[in-house]
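Visitor:
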Amino acid sequence: MTCTSISHRTLAATILLLTGLTLLMSSSTFAGEPIRLADNSPFVVCYYFGHWWEPWKSDDDLIRRDMATLKDMGVSVLGIDHEWSQAIDGDWKWLDREHRLAKEAGLQIVPWLSLKVWSDLSNEHRRGLIKEWYGEDLKLGRNRDGKPGAIQIWDDATLRTGAAYAAQYIERYQDQALLHVNWNGESRPVVALSVELAWADGFDEATTMLFIRWLRETYDDGIGQVNAAWGTDYASLWDIDPADNTIFDYANLQAGRAEHPKAVEDHIEFRAGLISDSLGMMAAVLRRTHPDVLILAELPYQFASRHPHAEGYRINYAANPSCVRSADMIYFRCTGPINAEEADFLAEWTEKTGQPAVLTYRTYSDWANERSTEDTAKSADLYAGQAAKHANGFGFYSWNEMVDTHVAPSRPEDKDQRGALTPEQSARSVALMRAMVQRYLELVD
0 MTCTSISHRT LAATILLLTG LTLLMSSSTF AGEPIRLADN SPFVVCYYFG
50 HWWEPWKSDD DLIRRDMATL KDMGVSVLGI DHEWSQAIDG DWKWLDREHR
100 LAKEAGLQIV PWLSLKVWSD LSNEHRRGLI KEWYGEDLKL GRNRDGKPGA
150 IQIWDDATLR TGAAYAAQYI ERYQDQALLH VNWNGESRPV VALSVELAWA
200 DGFDEATTML FIRWLRETYD DGIGQVNAAW GTDYASLWDI DPADNTIFDY
250 ANLQAGRAEH PKAVEDHIEF RAGLISDSLG MMAAVLRRTH PDVLILAELP
300 YQFASRHPHA EGYRINYAAN PSCVRSADMI YFRCTGPINA EEADFLAEWT
350 EKTGQPAVLT YRTYSDWANE RSTEDTAKSA DLYAGQAAKH ANGFGFYSWN
400 EMVDTHVAPS RPEDKDQRGA LTPEQSARSV ALMRAMVQRY LELVD
């Protein structure tokens, strides 16, 4: 069965059938009830990257010290980019190393297995290597400027490739540091098929045909209803072309200047659903050989955020809530403390879907200004309190992701690796992270 031969809605139904009752099984988790690892510890995560730059890349002892600090403060899980493109760098060397060191430290790893729904495979050289590894020919889509874009995420070759790498990864690391959670009394492995559910494409002819089918299913009265909703005068659905910037004015939507905003919003929602359906089908293929695997979906911003960066991601990368609907659990990199509107949206979503949620917060450099015990306690109550009340897990991004703002303690001789923070500021920020984790653990245990 090829994805081009069935409708968008049928694809979604097929995914639900193939994935079984996973989402229904998760519905017993309520806000404030933490996801627990197989050893019963609450899900507390921190992003960590050991193979992107010096000194972490060459210094095992520095990584050991970092991991020991994170473990001591109460972190139980590391979020690490382990894309296929990184597995081929050194023939699994870096991934093997991080699993070995994490296992030594008593930490587990939730891996991000692709970059922005497999956009890391768009490079011609990498597509050639995919052909060698998996025998698949990946197809490129088009971006809204008409230029070759990322691979077609819904194509059968992409689904098989993603599932094959995920299976390969699980088999290699299931007895190392791969995250396992207690899921209704069973120990289940967890992977994230992508870091950031984000896709900038969907403007090629084949994907446009799927969009037209989506419109036929969404607007029962066909082109007349579409024209009424969009303020357009198309003669036929088949005349619609999302690459036509006069109608699908992505560039001006965020500023409120698009003449046909509903047309753009419909295309965004279609693309978001296609992300979810494609990754759901990939998970279904994976579960043929690994039926117990759970899929974590990561979004770069919390639902309903009005932050300009969040809106930009939602519009340009189709990061609508529906892009996570096929996942077992969801994971947010928040812009900061969530507001009442965002909390209400999350509550309604998790009640509807049963998907446990994890809230993570940026290790902002301005945390270094938290000098007093009183300030630290207030921040710990705010961040940890929100995660304990509204979600099912807590954490940070990042420890050392952004060199210019990271708070990871460095060796004194590595002055260029301390970024914006002095050693004293770094120490205060790490102390604040510790206070937040400890407060979260107090609230949920």
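With the first letter of the sequence shown counted as 1, position 432 gets the number 431 in numbering that gives the first Met the number 0; the numbers rise by one all the way through. Where a beta carbon is used, it is the ideal one built from N, C-alpha and C, also for glycine. All of these numbers come straight from a predicted model, not from anything done at the bench.
Could you tell me the distance, in whole angstroms, from the CA atom of Trp91 to the CA atom of Asn399?
Guide: Rounded to whole angstroms, Trp91 to Asn399 spans 21 Å at the Cα level.
Visitor: Since Ser304 contacts Thr334 with CB under 8 Å, what's their CB separation in whole angstroms?
Guide: Contact flag correct, Cβ pair sits at about 6 Å.
Visitor: Assuming Leu178 contacts Pro188 (C-beta within less than 8 Å), just tell me the rounded distance between them.
Guide: About 7 Å; that satisfies the 8 Å criterion.
Visitor: Flag this pair as touching only if the segment 278-294 and the segment 254-262 have three or more C-beta atom pairs under 8 Å; answer yes or no.
Guide: Too few Cβ pairs lie closer than 8 Å, so no.
Visitor: For Leu273 and Leu209, which I take to be in contact (beta-carbon distance under 8 Å), what is that distance rounded to the nearest angstrom?
Guide: Sure, about 7 Å apart at Cβ, within 8 Å.
Visitor: So who's on the other strand from Gly140, going by DSSP bridges?
Guide: Answer by DSSP bridge pairing: none, since Gly140 is not bridged.
Visitor: In angstroms with no decimal places, state the Cα-to-Cα distance between Thr372 and Tyr382.
Guide: Cα-Cα distance, rounded: 16 Å.
Visitor: Quick check on the burial criterion: 16 or more other C-beta atoms within 10 angstroms. Buried or exposed for Leu100?
Guide: Leu100 should be labelled buried.
Visitor: At the level of alpha carbons, what is the spacing between Gln424 and Asp327?
Guide: If I take the Cα positions, the gap works out to 38 Å.
Visitor: What are the boundary residues of the alpha helix (DSSP H) that Phe29 is part of?
Guide: Where Phe29 is concerned, there is no enclosing alpha helix (DSSP H), given that its DSSP letter is neither H nor E.
Visitor: Less than 8 Å separating the Cβ of Leu100 from some heavy atom of the ligand ATP?
Guide: This structure lacks the ligand ATP, and indeed carries no ligand of any kind.
Visitor: Considering Cα atoms alone, identify which of Arg143, Trp153, Ile337, Gly148 is closest to Asp243.
Guide: Comparing Cα-Cα distances from Asp243 to each of Arg143, Trp153, Ile337, Gly148, the minimum goes to Arg143.
Visitor: In angstroms with no decimal places, state the Cα-to-Cα distance between His266 and Leu139.
Guide: Rounded to the nearest angstrom, the two C-alpha atoms are 19 Å apart.
Visitor: Can you grab the Cα-Cα spacing for the pair Tyr168 / Asn251, in whole Å?
Guide: The alpha-carbon atoms of Tyr168 and Asn251 are separated by roughly 41 Å.
Visitor: In this structure, does DSSP put Phe269 in helix, strand or coil?
Guide: Looking at Phe269 - three-state DSSP - the assignment turns out to be helix.
Visitor: Please report the distance separating the alpha-carbon of Asp136 from that of Ala387.
Guide: When rounded, the distance between both Cα atoms is 45 Å.
Visitor: In the segment 278-341, which residue ranges form an unbroken beta strand (DSSP E) of at least 3 residues, counting only runs that do not cross its ends?
Guide: Runs found: 293-298, 328-333.
Visitor: Starting from Gln107 and walking both ways along the beta strand (DSSP E), at which residues does that stretch end?
Guide: From DSSP, the beta strand (DSSP E) with Gln107 extends over 107-111.
Visitor: Using the Cα positions of Met281 and Glu82, report the straight-line distance between them to the nearest angstrom.
Guide: Distance between the alpha carbons of Met281 and Glu82 is about 15 Å.
Visitor: Using only CA atoms, which one of Asn319, Gln301, Tyr312 lies nearest to Leu345?
Guide: The residue with the shortest Cα to Cα distance from Leu345 is Gln301.
Visitor: Expressed to the nearest angstrom, what Euclidean distance is found between the alpha-carbon atoms of Ser57 and Ser84?
Guide: Spanning the two alpha carbons is a distance of roughly 20 Å.
Visitor: Could you check how far apart the C-beta atoms of Trp198 and Arg270 are, in whole angstroms? I think they sit under 8 Å.
Guide: That pair is a contact at about 6 Å.
Visitor: Does DSSP put Leu358 in a helix, a strand or coil?
Guide: Looking at Leu358 - three-state DSSP - the assignment turns out to be strand.
Visitor: Take Ala228 and list the residues in its own chain whose beta-carbon comes closer than 6 Å to its own, dropping the five residues that flank it on each side.
Guide: So the list reads Lys261, once near-sequence residues are dropped.
Visitor: Judging by CA-CA distance, which residue of Trp237, Phe331, Thr207, His308 is the nearest neighbour of Arg141?
Guide: Minimum Cα distance to Arg141 is reached at Thr207.
Visitor: Let me know if Val443 comes out buried or exposed under the rule of 16 or more other beta-carbons within 10 Å of its beta-carbon.
Guide: With 16 or more other Cβ atoms within 10 Å, it is buried.
Visitor: In chain order, what are the residue ranges of uninterrupted beta strand (DSSP E) at least 3 long that sit wholly in the segment 33-75?
Guide: Segments of the beta strand (DSSP E) lying fully in the segment 33-75: 43-46.
Visitor: For Gln253 and Ala309, I'd like the C-alpha separation in whole angstroms.
Guide: In a straight line, the C-alpha of Gln253 is about 11 Å away from that of Ala309.
Visitor: Threshold first: 4 residues or longer. Then list the alpha helix (DSSP H) segments lying entirely within the segment 155-196, N to C.
Guide: Counting whole runs of 4 or more residues, the segment 155-196 contains the alpha helix (DSSP H) stretches 155-172.
Visitor: So, using beta-carbon positions, are Lys146 and Tyr316 closer together than 9 Å?
Guide: The answer is no: Cβ separation not under 9 Å.
Visitor: Applying the 10 Å Cβ sphere with the 16-neighbour rule, what's the burial state of Leu16?
Guide: Confidence is the limiting factor: at Leu16 the pLDDT is only 41, short of 50, which leaves the residue's position unreliable and the question unanswerable from this model.
Visitor: Shortest alpha-carbon distance to Gly221 belongs to which of Phe42, Leu285, Lys70, Leu236?
Guide: Ranking the options by Cα distance to Gly221, first place goes to Leu236.
Visitor: List the whole-angstrom C-beta distance separating Gly392 from Val44, where the pair is believed to meet the contact cut-off of C-beta under 8 Å.
Guide: Yes, they are in contact, since the Cβ atoms of Gly392 and Val44 sit about 7 Å apart, within 8 Å.
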